[in-house]
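Below: one structure, written as structure tokens.
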Ligand SMILES: [Zn+2]
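Numbering (our numbering), first residue to last: 3 to 433.
So this is what it looks like as structure tokens:
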């Protein structure tokens with residue numbers, strides 16, 4: 003009975019709710035209440051996590067329980083004037099970073115000026131930070147051009163930036179490309195003119211990203227830094243293990259790639275927990291060293307279920323290994339797909355595989371192209387949503403959460419569907 007009750011809690015059911023039971027039996031998420039036309043405004047105590055579907059890469063906007071704002075990545079993979087790899091959303095009339103800034107502005111808590119207390123870059127690829135080309139317009143604030151994160155900063159003030167490279171940008175070797183050089187000029191200019199703070203993300207810490215407005219009111223909120231640059235949290239204190247061997251002992255062609263150096267963190271709010279980890283991987287391609295799997299040591303450190311997990315590397319081929327999934331057992335998967343190669347058929351198959359873990363799960367894909375679906379077949383029909391911004395709204399205290407899918411074809415952002423409420427995995431004494 004306890005097992006059944008636990009299962010029902012994870013499915014989002016109360017005892018005796020036969021209608022909901024019937025919907026679970028048919029494989030659909032129970033939906034409670036009416037679907038509102040638009041997302042109700044954020045209120046204090048609520049945690050909102052907006053996964054933006056711009057068709058240009060990752061961008062996740064967090065409004066933390068005390069109103070602290072955080073942007074994780076600002077992808078803008080297609081430079082202006084170049085045929086986009088995938089259709090930008092809502093359309094091509096603006097650059098990817100502009101769409102992100104406008105979204106952040108609209109979703110800023112009522113009565114406050116838009117600003118980001120934190121901006122984090124998981125790693126230095128265009129679909130996470132923006133791509134600079136000759137057509138990228140100049141900034142009005144310094145000697146740099148606008149794309150991705152610099153475009154966001156042009157209209158939304160950023161107080162603190164945390165990345166994996168500051169201050170030397172030299173791991174695993176000096177990083178040098180036009181987009182990164184532009185980003186460094188941006189940091190230097192904004193430090194000088196606006197007092198921008200810049201830090202290097204430190205794996206293991208739980209005090210680098212904190213509530214800045216009213217932390218005392220939400221003592222159960224925490225962001226634990228899990229991984230960056232081959233350092234992974236051990237699960238104990240702030241200690242980290244090194245998963246990359248000394249580079250002088252590794253053949254150059256096996257050195258960690260940019261994706262492998264991504265930041266990852268675990269957010270907790272009361273019983274609620276959320277994992278995100280850039281473009282880390284868990285299934286190294288054949289022939290590569292086993293330590294190219296970052297997910298396994300991360301899963302060991304986390305050591306148990308999370309409610310919501312963002313699939314690594316947009317769901318492309320190498321993320322979401324079976325050990326990682328069997329340990330985290332996410333109730334909700336968010337696949338930040340944008341290109342037509344995302345998600346890979348084999349990854350979607352693993353996410354859906356109930357032999358890896360038997361509990362139900364809902365999979366939200368930010369942009370699931372028709373061509374991609376056609377190559378996957380019927381499994382593609384098993385996702386909870388196939389396009390739109392995915393907003394995880396966690397109730398005050400973290401006991402439960404809902405998912406809202408918002409239209410990404412226009413800025414009106416009508417609600418396409420709502421899912422849940424889901425009880426958080428660690429809620430209730432039997433858990
Ligand atoms: Zn990426």
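All C-beta atoms, glycine included, are put in the ideal place defined by N, C-alpha and C.
Just so it is clear, the structure is predicted and the values come from calculations on it, not from any experiment.
Query, Result
"Residue closest to residue 513, alpha-carbon to alpha-carbon, out of 331, 357, 82, 75", "This structure cannot settle anything about residue 513, because the visible part of the chain is limited to 3 through 433."
"Environment of residue 210 [buried if 16+ CB atoms lie within 10 Å]", "buried"
"Check: residue 98 C-beta below 7 Å from any heavy atom of ligand 1", "no"
"According to DSSP, residues forming a beta bridge with residue 387", "366"
"8 Å Cβ cutoff met for residue 361 and residue 323", "no"
"C-alpha gap between residue 299 and residue 97, whole angstroms", "37 Å"
"Environment of ligand 1 in chain order, Cβ to heavy atom below 5 Å", "129, 281"
"Cα-Cα separation between residue 167 and residue 126, rounded to whole angstroms", "9 Å"
"Status (buried if at least 16 other CB within 10 Å, exposed otherwise) for residue 81", "buried"
"First through last residue of the beta strand (DSSP E) which encompasses residue 402", "402-408"
"Beta bridge counterpart(s) of residue 237 as assigned by DSSP", "None, per the DSSP bridge assignment."
"Option in 353, 334, 410 with minimal Cα separation from residue 434", "Examination of residue 434 is not possible in this model, given that the chain is present from 3 through 433 alone."
"Among 73, 200, 150, the one whose alpha carbon lies nearest that of residue 163", "200"
"Three-state secondary structure assigned by DSSP to residue 146", "coil"
"Range covered by the alpha helix (DSSP H) that runs through residue 157", "151-157"
"Whether residue 393 touches residue 50 by CB criterion (8 Å)", "yes"
"The segment 287-297 / the segment 254-264 touching (three or more Cβ pairs under 8 Å)", "yes"
"Range covered by the alpha helix (DSSP H) that runs through residue 134", "Element bounds for residue 134: n/a, residue is neither H nor E."
"First and last residue of the uninterrupted alpha helix (DSSP H) at residue 422", "No alpha helix (DSSP H) holds residue 422; the beta strand (DSSP E) holding it covers 417-425."
"Member of 140, 115, 130, 138 whose CA lies at the smallest distance from the CA of residue 121", "130"
"Backbone secondary structure at residue 118 - three-state DSSP", "strand"
"Other residues of its chain near residue 6: CB distance less than 6 Å, five sequence neighbours each side excluded", "Note that residue 6 scores a pLDDT of 44, beneath 50, so its modelled location is shaky; the value from the coordinates is reported in the next line. Result list for residue 6: empty, nothing under 6 Å."
"Reduced DSSP secondary structure (H/G/I, E/B, other) of residue 102", "helix"
"Length of the line joining the Cα atoms of residue 154 and residue 267", "22 Å"
"Own chain, CB closer than 6 Å to residue 56, minus 5 neighbours either side, in chain order", "91, 98, 101"
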